[in-house]
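Enquirer: Take this structure first; my questions come after.
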Amino acid sequence: ASDFLNELRGKILLVKSEFNVPIHDGAVVDDYRIAQSAPFINKLLDSCALPLLATHLGRPGGYDPKYSLDVIVDPVSSNLGHQAEIIRFDEKNNRYHNDQLSKGYIRKLIEGGKIPMLDNIRFHPDEQENKGGLAKALAEVIDLSIQNSFGTAHRTEDTSNYIHTLVPGLAGDLLHAEIEGHKEIKKPNSPYTVIVGGDKVKDSLNLVRRILWAEKTSHQINSINPDLMTSIGEDLVDSILVGGHLMNAFIYAQVHMANDSTLVKINREAARNIRGLRDQSFLEECNLESRQVEEEVRLAKGLLRLYNNYQIVTQFNEEGNSFDDMDITDNRRLIIPVDYSVLRNGKKVNLKFFELNNGDQIHDIGTQTKRIYDAIISISKTIVWNGSMGTDANECKEGTRSIIDSIHKNKTAVKERGGGITNYMVSDYEREKGDYGKMENIEDLLSQDDILSRVHQFELQREEGRMFITVKEILGGSIKGRFFAIPNFVIQECSNPEYIGLGDSVEEALKDCLKRIKGVPLSQIIPENKVK
173 ASDFLNELRG
183 KILLVKSEFN
193 VPIHDGAVVD
203 DYRIAQSAPF
213 INKLLDSCAL
223 PLLATHLGRP
233 GGYDPKYSLD
243 VIVDPVSSNL
253 GHQAEIIRFD
263 EKNNRYHNDQ
273 LSKGYIRKLI
283 EGGKIPMLDN
293 IRFHPDEQEN
303 KGGLAKALAE
313 VIDLSIQNSF
323 GTAHRTEDTS
333 NYIHTLVPGL
343 AGDLLHAEIE
353 GHKEIKKPNS
363 PYTVIVGGDK
373 VKDSLNLVRR
383 ILWAEKTSHQ
393 INSINPDLMT
403 SIGEDLVDSI
413 LVGGHLMNAF
423 IYAQVHMAND
433 STLVKINREA
443 ARNIRGLRDQ
453 SFLEECNLES
463 RQVEEEVRLA
473 KGLLRLYNNY
483 QIVTQFNEEG
493 NSFDDMDITD
503 NRRLIIPVDY
513 SVLRNGKKVN
523 LKFFELNNGD
533 QIHDIGTQTK
543 RIYDAIISIS
553 KTIVWNGSMG
563 TDANECKEGT
573 RSIIDSIHKN
583 KTAVKERGGG
593 ITNYMVSDYE
603 REKGDYGKME
613 NIEDLLSQDD
623 ILSRVHQFEL
633 QREEGRMFIT
643 VKEILGGSIK
653 GRFFAIPNFV
663 IQECSNPEYI
673 GLGDSVEEAL
683 KDCLKRIKGV
693 PLSQIIPENK
703 VK
């Protein structure tokens, strides 16, 4: 977008931002994301453009006043140097108030030195469903849409996807910078370690599965760039370390895998404890439905069998009386905690899996697990981290802080981190101990690869109906159709069969953009027999 500031003068721009900041006791505890977005928004204002800010906050599931953006008005205002003014949501009619979501009202606010901001876009029922209701309402008001939120750019939502079938789209400076910063991790050195935690259990388990599937020679993502990862072996990632609420899923999985015929082979007390855990509800604190718990346990069991070589009998010596797993990390790419920080009867204790009792509350990774994770991180040359290690970011910090310490001690690795809570906990720790140096803030890692991998499913068509194209510029050519493009990056559906005039054909426009993405020939992305 910064390349077209003159053309944006006087235009109303939807600026999709990432203001989903951590809140505690009704106050913002870390405004890092807001501060990162501010320079670009001010650049637009200085260029006499008219930005309309849009963001979500939390997971309201429809209108819920406790998720209103009132809580972030002061941090947004102080970072921008302009008073933020919320455009309110009409809960009765499931839309933003017509007298506020209007060109005249938005221009009046900005001319008065204020910055308009839609209240939580997830209040609108169509936003996460990508149904178009919100996008169509916005298209009546805005001239262009700018995606400046790396963490939501991949989502099929009204303000990230549908809107770009109605109005032209551009990439903001922050999105562009984070994509550029992400390039370094595309050619990782081995050992390559990924650390996954947080509370999005099912999403994280699926992410772990995709990462473990990824191989240098066979994975779709890698096939579009023959030079990718020539310095490592067949496996993309050497080790995945898990924590957070994923611990509960893997505990459940171990319980389910320990049938009676297995338990008779191990220590009696351990077997009795494990049997007692069958009725434990470790995941109930997440307020999940039983069906979702079953899905998470199924995923965890499969990952343990395939990538952890897990067998409960190997955790004991030949006599079956004591814990003696000597192969915790050997030949295992998925590394799960071997002990846990647990709240039992109001006291914190450190316990192994088979020492857990019904009623124990899992809080964090344990002492031995911290040492194991530290040893792996210390020899890693590439480190990617998303998600806290404890089950509560405010009460269970020690595991996450041990990860921060371990990463900090490794001075030579390429490092990336992502996630709002992760960034908050790092910032919080740094305030106590001092600056730990730069560790890139990259949100929703690997989601861009997911997008690129879907390119293999696309057909390039000129007939009426669906057309899949991308472009290198938005305002620099003859625009005849409605389209979506994050320059240099995303290939997305174009609903209008008329294409833009950036090349002699749709194929030429696509080739031009692909050169800017990877320098990859069209034939490597779309088989020739699919190009019509």
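Here this note's numbering is used: the first residue of the sequence shown is 173, the next is one more, and so on. For each residue, glycine too, the CB sits at the ideal point set by N, CA and C.
Scan the segment 214-298 and note each continuous alpha helix (DSSP H) run of 4 residues or more that stays entirely inside, going in chain order.
Expert: Qualifying alpha helix (DSSP H) stretches, in chain order: 245-252, 275-283.
Enquirer: Under three-state DSSP, which class holds Thr365?
Expert: Three-state result, Thr365: strand.
Enquirer: Between Arg279 and Val187, what straight-line distance do the alpha-carbon atoms span, to the nearest angstrom?
Expert: Approximately 15 Å between the Cα atoms of the pair.
Enquirer: Under 8 Å between the Cβ atoms of Leu418 and Leu377?
Expert: The answer is yes: Cβ separation under 8 Å.
Enquirer: Tell me whether the beta-carbon of Met561 lies closer than 8 Å to the beta-carbon of Ile575.
Expert: Yes. Within cutoff.
Enquirer: Using the three-state DSSP reduction, which class does His196 fall into: helix, strand or coil?
Expert: Three-state DSSP puts His196 in a strand.
Enquirer: If you measure between the beta carbons of Val313 and Lys275, is that distance less than 8 Å?
Expert: Their beta carbons are under 8 Å apart, which means Val313 touches Lys275 by this criterion.
Enquirer: Please state whether DSSP places Ser513 in a helix, a strand or coil.
Expert: Residue state, collapsed to three classes: strand.
Enquirer: Beta-carbon separation of Tyr596 and Asp262 under 8 Å?
Expert: Contact flag unset, no.
Enquirer: The ligand FAD heavy atoms versus the CB of Ile575: any closer than 7 Å?
Expert: Among the components modelled here there is no ligand, and therefore nothing to report on the ligand FAD.
Enquirer: Of the residues Asp532, Asp511, Val556, which one's Cα is nearest the Cα of Gln540?
Expert: Of the listed residues, the one whose Cα sits closest to Gln540 is Asp511.
Enquirer: If you draw a straight line from the alpha carbon of Ala442 to that of Glu527, how long is it in whole angstroms?
Expert: When rounded, the distance between both Cα atoms is 6 Å.
Enquirer: Do the segment 318-337 and the segment 178-195 make contact, defined as three or more Cβ pairs closer than 8 Å?
Expert: In short, these stretches touch, since the Cβ pair count reaches three.
Enquirer: Please report the straight-line C-alpha distance between Cys666 and Asn265, rounded to a whole angstrom.
Expert: Caution applies to Cys666, whose pLDDT of 34 falls short of 50 and renders its modelled position unreliable; the value that the coordinates give is listed next. Each residue's Cα considered, the two are about 30 Å apart.
Enquirer: Starting from Asn566, follow the beta strand (DSSP E) in both directions and report where the run begins and ends.
Expert: First-last for Asn566: undefined, no H or E at that position.
Enquirer: If contact is defined by three or more beta carbon pairs under 8 Å, each pair taking one atom from either stretch, is the segment 370-385 in contact with the segment 337-352?
Expert: The answer is no - the segment 370-385 does not touch the segment 337-352, with fewer than three Cβ pairs under 8 Å.
Enquirer: Tell me the DSSP secondary structure of Ile534 in three-state form.
Expert: Strand at Ile534.
Enquirer: Mind checking which residues open and close the beta strand (DSSP E) that includes Glu588?
Expert: Here the beta strand (DSSP E) through Glu588 covers 586-590.
Enquirer: Quick check: what's the CA-CA separation for Arg543 versus Leu515?
Expert: Taking the straight line from one Cα to the other gives about 21 Å.
Enquirer: For Trp557, which beta-bridge partners are listed by DSSP?
Expert: In DSSP, Trp557 forms a bridge with Ile367, Arg589.
Enquirer: Taking one C-beta from the segment 229-239 and one from the segment 202-221 each time, how about it: are there three or more such pairs within less than 8 Å?
Expert: Segments in contact, no.
Enquirer: Rounded to the nearest angstrom, how far is the Cβ of Glu299 from that of Asp330, given a contact under 8 Å?
Expert: Glu299 to Asp330, Cβ: 5 Å. Contact.
Enquirer: Within 10 Å of its beta-carbon, does Gly198 have 16 or more other beta-carbons around it, so buried, or fewer, so exposed?
Expert: Exposed, by the Cβ-count rule.
Enquirer: Excluding five sequence neighbours on each side, which residues of the same chain lie with their C-beta closer than 8 Å to the C-beta of Lys473?
Expert: Ala425, His428, Met429.
Enquirer: Residue range of the alpha helix (DSSP H) that Ala307 falls in?
Expert: Run containing Ala307: 305-311, per the alpha helix (DSSP H) assignment.
Enquirer: Spell out the partners DSSP gives Gln319 in its beta bridges.
Expert: Paired residue(s): Lys188, Ala343.
Enquirer: Suppose you measure from the CA of Val521 to the CA of Thr563; what does that come to, to the nearest Å?
Expert: When rounded, the distance between both Cα atoms is 15 Å.
Enquirer: Given a threshold of 16 other Cβ atoms within 10 Å of its Cβ, counted over all protein chains shown, does Glu567 qualify as buried or as exposed?
Expert: It is exposed - the Cβ of Glu567 has fewer than 16 other Cβ atoms within 10 Å.
Enquirer: Can you tell me the Cβ-Cβ gap for Asp315 and Leu476, rounded? I've got them flagged as a contact below 8 Å.
Expert: 52 Å between Cβ atoms; not a contact.
Enquirer: Quick one: what's got a C-beta closer than 8 Å to Ala207's C-beta in the same chain, skipping five residues either side?
Expert: Result list for Ala207: Asn251, in chain order.
Enquirer: The beta strand (DSSP E) with Lys524 in it runs from where to where?
Expert: First-last of the beta strand (DSSP E) with Lys524: 519-524.
Enquirer: Taking the alpha carbon of Lys524 as the reference point, which residue from Trp557, Lys587, Asp432, Phe422 has its own alpha carbon closest?
Expert: For Lys524, the nearest C-alpha among the options comes from Phe422.
Enquirer: Are Ser578 and Tyr204 close, meaning C-beta to C-beta below 8 Å?
Expert: Against a cut-off of 8 Å, the Cβ pair of Tyr204 and Ser578 comes out as no contact.
Enquirer: Answer with yes or no whether the minimum CB distance from Leu186 to chain B is below 8 Å.
Expert: The structure shown has no chain B; it contains just one protein chain.
Enquirer: Thinking just about the alpha-carbon of each residue, which of Ala307, Pro288, Met289 is nearest to the one in Pro297?
Expert: Closest option to Pro297, Cα to Cα, is Ala307.
Enquirer: Spatial neighbours of Asp291 within its chain, please: CB distance less than 8 Å, with the 5 preceding and 5 following residues excluded, ordered by chain position.
Expert: Result list for Asp291: Ser240, Leu241, Ile258, Ile259, Arg260, Phe261, Tyr268, in chain order.
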